[in-house]
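Here this note's numbering = 1-based position in the sequence shown + 48. Ideal Cβ placement from N, Cα and C applies to all residues, glycine included.
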Amino acid sequence: MARQVVKYQTTSVEAARSAQQICDLARKYGASRFEMRWDDRRRLEGVRFAVRHPEAGEVPVVLRAPEETITRILWDARGPNSRKTRAEIADQAHRIAWRHMKDLTEQLLLATRLGLRTVEGAFMADIEVWDDETGETTTMAELFARRARLEPGQRSVRLLPAARRV
């Protein structure tokens, strides 16, 4: 048996089951308007729901579980006698990524319930917004990444310097 390099390395829980668990958890914490998104290959691509915000009302959240890094870790860690193909490893990474996303979502929802994070603080990166410049929906994280890469003189996000040590 291969050494464990990633939590849930041997999971057999399908991504759709993890996504359903995310929806169930979010519903338990007051979320609504659930949607699962699928790609052209019928693989789970994202989970969308709305969380309640005291002033803003329903705030749309889109969760995705990128698996590229997990795929690379599993591929690099496979034993010399492994017969696993890249496709098999990618499928396992997909399941692993969604298990981790379920855990993360559960912790974020709990943190909001306990007052450790605000809704917007917990889900800021995943809040779905409209980008006037591209004319499409995106997440705050994607919007930030696009704005941070802009050339000087273009509308961008200004980052404050880190505090200096005293």
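Delimiting residues of the beta strand (DSSP E) encompassing Asp179 = Glu176 to Asp179
Three-state secondary structure (DSSP) of Thr160 = helix
Alpha carbon to alpha carbon, how far is Gln52 from Ser60?
-> 15 Å
Is it true that the CB of Leu111 sits closer than 7 Å to the CB of Asp174?
-> yes
Kindly provide the ranges of any alpha helix (DSSP H) runs that are 4 or more residues long and lie completely inside the stretch 65-141, ordered along the chain.
-> 116-125
Glu190 lies in the alpha helix (DSSP H); which residues open and close that run?
-> Met188 to Ala196
Secondary structure at Glu62, three-state DSSP: helix, strand or coil?
-> coil
Would a C-beta distance cut-off of 7 Å place Trp178 and Thr187 closer than the cut-off?
-> no
In the DSSP assignment, what are the bridge partners of Thr185?
-> Trp178
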